[in-house]
Amino acid sequence: MYREIPITDSKVERTHNPRCNANFFEIMTHSWISNLLKIGRHRDLNETDLYTTLDDQKSSTLGDKLEKIWRSELANANSMNRKPKLLRALLRMFGAKLMLYGLMFCITEIIFNMSQPILIGELLAYFNPNHSEDTDIKYAYLCSSGLVFSIFMTIILFYYTYEEIMNETMKARVACSSLIYRKTLCLSHKSFGETAVGQVMNLISNDVNRFDYAIHHIHYLWIGPLQIIIGIYFLWQEIGVSSLIGTATFLF
């Protein structure tokens, strides 16, 4: 049975969002949300337990900003005699941060992630009975320390970058939904009659939600080839031309 939610006309007073004043450690460890998790352990959460929406995540703020950029895109398109594109407006609004998070994602995947098997190989070489004298215990400690540091940085950077990218995709979705809503309010009676309600609902519920999947995975389009090239290089050092055959078989 579904729990009945009481209807009230009074405005719900919510707690101030602790994310606003969270320090670097609290953001990286998500400890700023610990109080909400403690409440959820003892009882079901209700609307009053939820934090207030951050200013940069409000639909009014995002909608106003995207609308301003979109009007600028319309003016530029008319002056240059070209078709306006929503993608240009979205890139102007979110492109810089997405490029920054994409760079952090690249560092995580290529430097820290791909260095782990190399460090493991060097560490295992120390335990090989036939290892050379150059592989001393100090070098083994260095490799093990580097492996721990690499895993730690991968965990920290990956989930932080993933969360921030998802925040940007959420903002893009909210901003576009806000513009769609504003557009429906500006339609004339004739235009509104010619527009199916299902079409508007499909735009908000399905099409706009594609941002949540596309923007995050789009970074793999340029990080993936870099990983393949670097992987082929290291495989070439170990097994020679067989690395090309194995990689081609894996890809095709």
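Each number in our numbering comes from the position in the sequence shown (counting from 1) with 76 added on.
Glycine is no exception: its CB is placed at the ideal position from the N, C-alpha and C atoms.
**Request:** Mark S254 as exposed unless 16 or more other C-beta atoms lie within 10 angstroms of its C-beta, in which case mark it buried.
**Result:** In the sequence shown, the residue the question calls residue 254 occupies position 178. S254 comes out buried.
**Cut-off 7 angstroms between Cβ atoms - residues of its own chain near V109, not counting five sequence neighbours on either side** = For this step, residue 109 is matched to residue 33 along the sequence shown. The amino acid occupying residue 109 in the given sequence is Ile; Val does not appear at that position. Excluding the 5 residues flanking it on each side, I109 has no same chain C-beta neighbour closer than 7 angstroms.
**Top-ranked residue by Cα proximity to Y289, from G171, T245, N99** = For the purposes of this step, residue 289 is identified with residue 213 of the sequence shown, where counting begins at 1. The shortest C-alpha separation from Y289 is found at T245.
**Asked** Counting Cβ pairs closer than 8 angstroms, one from the stretch 135-153 and one from the stretch 187-202, do we hit at least three?
**Response** no
**Asked** Does DSSP put T129 in a helix, a strand or coil?
**Response** Translated into positions along the sequence shown, residue 129 becomes position 53. Three-state result, T129: coil.
**Endpoints, alpha helix (DSSP H) assigned at E102** = As a first step, residue 102 must be located in the sequence shown, where it is residue number 26. 100-105 is the span of the alpha helix (DSSP H), which, as asked, contains E102.
**Message:** Rounding to the nearest angstrom, what Cα-Cα distance links W146 and R168 in this structure?
**Reply:** Residue mapping note: residue 146 aligns to position 70 of the sequence shown, counting from 1. Residue mapping note: residue 168 aligns to position 92 of the sequence shown, counting from 1. So the alpha carbons of these two residues sit roughly 10 angstroms apart.
**Whether V284 touches R249 by CB criterion (8 angstroms)** = The residue given as residue 284 occupies position 208 in the sequence shown. The residue given as residue 249 occupies position 173 in the sequence shown. For V284 and R249, yes; Cβs fall inside 8 angstroms.
**Message:** If distances are taken between C-alpha atoms only, which option among N282, F188, C252, F328 comes closest to I231?
**Reply:** Your numbering for residue 231 matches position 155 in the sequence shown. That would be F188, whose Cα lies nearest to the Cα of I231.
**Request:** Please classify E185: is it buried, with 16 or more other beta-carbons within 10 angstroms of its beta-carbon, or exposed?
**Result:** As a working mapping, residue 185 is identified with position 109 in the sequence shown. When all chains shown are included, E185 counts as buried.
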